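Q: Take this structure, written in structure tokens, and hold onto it; I'll ask about it next.
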Amino acid sequence: MKNNCYLSFLFLILSIHAFSQSNNTAIDSLKRVLAVAKSDTAKVNTFNSIADKYKESNPDSTAFYAIKAATLAGRSNYDFGLANSYINSGNSNIILGNYRQANQYFNKAQQSFEKLLHANSDIETKRIQNGLARAFASQGIVFSQESNYYMALEMYQKALKIYLEIGQKINIAKAYNNIGIVYKSQQNNAKALEYFKKSFQLQEEIGEQTAAVTLTNIGVIYAEQGNQKQALQYYLKAEKLFQKMDNKRGFALLNNYFGDYYKTQKDYTTATKYYTTALSMYEEMQSKFGASLALYNLGLLQLELKKYDDAIALATKSLDYAKAIGILDQTYHSEKLLSDLYAIKNNPALSFLHYKNYIIARDSIVNQENNKKILRSELESEYKRKTAIVAEQSKRNFQLILFSIIGLGLLIGLVFVTYNRRQIKRRLTLQKEVAEYEQKALHLQMNPHFVFNCLGSISSFIVQNGTDSALKYLSKFSKLMRLTLEYSKGSLIPIDKEIESLQNYLELEQLRFHNKFTFTIQATEKVEFNMGIPPLLIQPFVENAILHGMVPKEGNGKIEVNFDVQNGQFICSISDDGIGLSKSKHLKEDSVTAHKSMALEITKKRLEIMEATTLKSAQIDIQELTNDKEVIGTKVTLRLPIQYIK
Numbered sequence: 000m001k002n003n004c005y006l007s008f009l010f011l012i013l014s015i016h017a018f019s020q021s022n023n024t025a026i027d028s029l030k031r032v033l034a035v036a037k038s039d040t041a042k043v044n045t046f047n048s049i050a051d052k053y054k055e056s057n058p059d060s061t062a063f064y065a066i067k068a069a070t071l072a073g074r075s076n077y078d079f080g081l082a083n084s085y086i087n088s089g090n091s092n093i094i095l096g097n098y099r100q101a102n103q104y105f106n107k108a109q110q111s112f113e114k115l116l117h118a119n120s121d122i123e124t125k126r127i128q129n130g131l132a133r134a135f136a137s138q139g140i141v142f143s144q145e146s147n148y149y150m151a152l153e154m155y156q157k158a159l160k161i162y163l164e165i166g167q168k169i170n171i172a173k174a175y176n177n178i179g180i181v182y183k184s185q186q187n188n189a190k191a192l193e194y195f196k197k198s199f200q201l202q203e204e205i206g207e208q209t210a211a212v213t214l215t216n217i218g219v220i221y222a223e224q225g226n227q228k229q230a231l232q233y234y235l236k237a238e239k240l241f242q243k244m245d246n247k248r249g250f251a252l253l254n255n256y257f258g259d260y261y262k263t264q265k266d267y268t269t270a271t272k273y274y275t276t277a278l279s280m281y282e283e284m285q286s287k288f289g290a291s292l293a294l295y296n297l298g299l300l301q302l303e304l305k306k307y308d309d310a311i312a313l314a315t316k317s318l319d320y321a322k323a324i325g326i327l328d329q330t331y332h333s334e335k336l337l338s339d340l341y342a343i344k345n346n347p348a349l350s351f352l353h354y355k356n357y358i359i360a361r362d363s364i365v366n367q368e369n370n371k372k373i374l375r376s377e378l379e380s381e382y383k384r385k386t387a388i389v390a391e392q393s394k395r396n397f398q399l400i401l402f403s404i405i406g407l408g409l410l411i412g413l414v415f416v417t418y419n420r421r422q423i424k425r426r427l428t429l430q431k432e433v434a435e436y437e438q439k440a441l442h443l444q445m446n447p448h449f450v451f452n453c454l455g456s457i458s459s460f461i462v463q464n465g466t467d468s469a470l471k472y473l474s475k476f477s478k479l480m481r482l483t484l485e486y487s488k489g490s491l492i493p494i495d496k497e498i499e500s501l502q503n504y505l506e507l508e509q510l511r512f513h514n515k516f517t518f519t520i521q522a523t524e525k526v527e528f529n530m531g532i533p534p535l536l537i538q539p540f541v542e543n544a545i546l547h548g549m550v551p552k553e554g555n556g557k558i559e560v561n562f563d564v565q566n567g568q569f570i571c572s573i574s575d576d577g578i579g580l581s582k583s584k585h586l587k588e589d590s591v592t593a594h595k596s597m598a599l600e601i602t603k604k605r606l607e608i609m610e611a612t613t614l615k616s617a618q619i620d621i622q623e624l625t626n627d628k629e630v631i632g633t634k635v636t637l638r639l640p641i642q643y644i645k
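The sequence shown stops at residue 645 when you use numbering that gives the first Met the number 0, and every number in between is there.
Okay, structure coming up:
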């Protein structure tokens, strides 16, 4: 017989539940606790504990006490106890082969535990998580029996994740075992062996008795790979552990494997002993499922020993058990064995009857397998579709989070830039206001200087030229003062007014120095009427041209003042044909230096303020004019930003 289907089921039952030392003494003890329990909660918990103890030996009793627990939990609104009763009811149904009903109970348990987990429950969170993991793992059994291996693995992985989170090493080991069983069902023995060994390593570390089941599983893998010697070593290790614990179902299964091993070794006596031991244990547990397998194995053994009557009796009983619980796979093999036996016994009627039943069972299995394949295909497609949906949803959630982070970053950046710009604007405004106040202070500093020079000129003029000439001079001086006072308060003066002021000033100086020089003031067509320059910016350089260029010169001279616009800048140049910078400095070094330093320092400061205010270049350039190394005068050039008077 091909044992895979049957053994996979038993593996699952053995590995999903803890093999506590449940015996009559433990059950009697729990019943005594139940008799004295006062609260409904305590009674529900005891009912569930008794139901759990019975699952190894009497699934009907498990169902009975699970129902009592559910009824009382429902009346007392004890949701945690109700969820555990669903687990026990599912266990009883799965052992009895009622998979659909079992899965309904496990699904109810899952929903109940999830509801408790998200509610503000008084129950300890780890206990709820443990219950939820059991519900997932139990559903894995059902899906595995339905050959829905994708869902079985998904359920076991969910259970494993929770067990790892709460650190339950015992259940982690069981989860590894369950996953290994699914891979074995898929005939992926390498992967199955990997998980069985992981399970055993953890079980050995914590001294978990269910290691015996895992050792059995590993032995089966080696047996199927043809490594009988290695398989026997693991069976013997498992036997030692089973002898120390009360796990009849697992021990019965191991005895079946021992029988298989000794049968391959042609040791029929020892094989018969082990098969018979397994049969006795299954019948003691009222497990027709396991008994049917043991009877079939004994029947095959008797066939090889040519004890046909004994073989027929064993095969017939195996068939009765298989039909009683509706196991098609076992029915199929038992019918085939009986058909072969009756053929040998020369009973064609019974041989044909069992052969016909064998064909019916075979067709039913084929149809069932085809239906399972179709269902599995549909479930796999549904699983992949759901997986794709989940993946897409995860991708969208990730994109949403990413875009939210980027958006938040941009918003923060925008706020920062806006705030920074406001601060810069505020700082520039303050700088401009400070610059304007500094410029006004410089005007106040410049005005006394200019007035002082003019009054000196008038005094000298009166002494040298008499009263009439002095009155004429004073008339021009008063006009100049009026223009100066009118525009010196502002930051800019119109070009035409600046030219008028310079005209009056130069005429005054001509009178003062007896027409020692001539002058011209010109503005190109590029200079617009509403352009402006800072007041009293040019006058000091015109004064220097007169005092330090014209006066020391032998003979008359000429001063030219020109205004132009070039390359986006306002250009003002003051040139003279005087003695030049070098000679002037040499003649009157001390006085000239002091006077020049004051004018230049004030002008440079004003140009710095202009640059800070307009954010454009403002420069001054003073150069000595030469012709074939002969000094022919001085030229001062001011390059200013273009400004308009509003």
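We treat Cβ as the ideally placed atom computed from N, Cα and C, and that holds for glycine.
Remember, it's a predicted structure, so these values are computed and weren't measured experimentally.
1. Are the CB atoms of residue 69 and residue 50 within a distance shorter than 7 Å?
2. Is the region 317-337 touching the region 290-309, taking contact as three or more C-beta pairs under 8 Å?
3. Determine the direct distance from the alpha carbon of residue 636 to that of residue 489, and round the result to whole angstroms.
4. Roughly how many angstroms lie between the CA atoms of residue 686 and residue 309, to the nearest whole one?
5. Return yes when at least one heavy atom of the ligand NAD lies under 6 Å from the C-beta of residue 561, else no.
6. So, for residue 253: in the same chain, excluding its five sequence neighbours on each side, which residues have a beta-carbon less than 7 Å away from its beta-carbon?
7. Buried or exposed for residue 645, going by 16 or more other Cβ atoms inside 10 Å?
8. Report buried or exposed for residue 224, applying the criterion of at least 16 other Cβ atoms within 10 angstroms of its Cβ.
9. Three or more C-beta pairs under 8 Å: does that hold for the region 548-564 against the region 515-531?
10. Nearest by alpha-carbon distance to residue 344: which of 497, 311, 548 and 268 is it?
11. Along the chain, where does the beta strand (DSSP E) containing residue 525 start, and where does it finish?
12. Assign residue 166 to buried or exposed, taking buried as 16 or more other Cβ atoms, counted over all protein chains shown, within 10 Å of its Cβ.
13. What does the alpha-carbon distance come out to for the pair residue 174 and residue 400?
14. Identify, in the order they occur along the chain, each residue of the same chain with its Cβ nearer than 6 Å to the Cβ of residue 363, setting aside the five sequence neighbours on each side.
15. By how many angstroms is the C-alpha of residue 172 removed from the C-alpha of residue 124?
16. Are there 16 or more other CB atoms within 10 angstroms of the CB of residue 484, so buried, or fewer, so exposed?
17. Grouping DSSP H, G and I as helix and E and B as strand, with all else coil, what is residue 550?
18. For residue 285, which of helix, strand or coil comes out of DSSP?
19. Please report the straight-line C-alpha distance between residue 196 and residue 188, rounded to a whole angstrom.
20. Which partner residues of residue 643 appear in the DSSP bridge assignment?
21. Quick one: what does DSSP say residue 143 is sitting in, helix, strand or coil?
22. Please name the residue in 421, 151, 43 and 212 whose C-alpha comes closest to that of residue 72.
23. Where do the N-terminal and C-terminal ends of the alpha helix (DSSP H) with residue 200 fall, by residue?
24. Within 10 angstroms of the Cβ of residue 24, are there 16 or more other Cβ atoms? Answer buried if so, exposed if not.
25. Ignore the nearest five residues each way along the sequence and tell me which others in residue 231's own chain have a CB closer than 8 Å to its CB.
26. With burial defined as no fewer than 16 other Cβ atoms inside 10 Å of the residue's Cβ, what is the status of residue 577: buried or exposed?
A: Let me lay it out:
1. The count along the sequence shown starts at 1 and reaches residue 50 at position 51. The count along the sequence shown starts at 1 and reaches residue 69 at position 70. Against a cut-off of 7 Å, the Cβ pair of residue 69 and residue 50 comes out as no contact.
2. yes
3. Start at 1 with the first residue of the sequence shown, and residue 489 comes out as number 490. Start at 1 with the first residue of the sequence shown, and residue 636 comes out as number 637. The straight-line gap from Cα to Cα measures roughly 23 Å.
4. Absent from the structure is residue 686, since the part of the chain shown begins at 0 and ends at 645.
5. Ligands in the displayed structure: none, and consequently the ligand NAD is not present.
6. In the sequence shown, the residue the question calls residue 253 occupies position 254. These residues qualify, in order along the chain: 215, 234, 237, 238 and 241.
7. Sequence index remark: in the sequence shown, residue 645 carries index 646 (1-based). So residue 645 ends up on the exposed side.
8. Taking the sequence shown and counting its residues from 1, one reaches residue 224 at position 225. Burial call: exposed.
9. yes
10. What you label residue 344 is simply residue 345 of the sequence shown in a count that begins at 1. Of the candidates 497, 311, 548 and 268, the one whose C-alpha sits nearest the C-alpha of residue 344 is 311.
11. For this step, residue 525 is matched to residue 526 along the sequence shown. Residue 525 -> no beta strand (DSSP E), and no H or E assigned at all.
12. Residue mapping note: residue 166 aligns to position 167 of the sequence shown, counting from 1. Label assigned to residue 166: exposed.
13. What you label residue 174 is simply residue 175 of the sequence shown in a count that begins at 1. What you label residue 400 is simply residue 401 of the sequence shown in a count that begins at 1. Cα to Cα, the separation comes out at about 34 Å.
14. The sequence position of residue 363 within the sequence shown is 364, counting from 1. Excluding positions up to five away in sequence, the list reads 327.
15. Counting from one through the sequence shown, the residue named residue 124 turns up at place 125. Counting from one through the sequence shown, the residue named residue 172 turns up at place 173. If you take the alpha carbons of residue 124 and residue 172, they lie about 21 Å apart.
16. Numbered from 1 along the sequence shown, position 485 holds the residue referred to as residue 484. With fewer than 16 Cβ atoms within 10 Å of its Cβ, residue 484 is classed as exposed.
17. Against the sequence shown, residue 550 aligns to sequence position 551. DSSP places residue 550 in coil when its eight states are reduced to three.
18. The residue given as residue 285 occupies position 286 in the sequence shown. In this structure, residue 285 counts as coil in the three-state DSSP scheme.
19. Position 197 of the sequence shown holds residue 196. Position 189 of the sequence shown holds residue 188. Roughly 12 Å between the two C-alpha positions.
20. What you label residue 643 is simply residue 644 of the sequence shown in a count that begins at 1. 530, per the DSSP bridge assignment.
21. In the sequence shown, residue 143 corresponds to position 144, counting from 1. Here residue 143 sits in helix by DSSP.
22. The residue labelled residue 72 in the question sits at position 73 within the sequence shown. Per the Cα distances, 43.
23. As a first step, residue 200 is located in the sequence shown; it is residue number 201 there, counting from the start. Where residue 200 is concerned, the enclosing alpha helix (DSSP H) stretches over 188-205.
24. To locate residue 24, count along the sequence shown from 1; it is residue 25. The residue is exposed, with fewer than 16 neighbouring Cβ atoms inside 10 Å.
25. As a position in the sequence shown, residue 231 is number 232, starting the count at 1. The answer, listed in chain order, is 218 and 260.
26. Locating residue 577 in the sequence shown gives position 578, where the first residue counts as 1. By the neighbour-count rule (16 or more Cβ atoms within 10 Å), residue 577 is buried.
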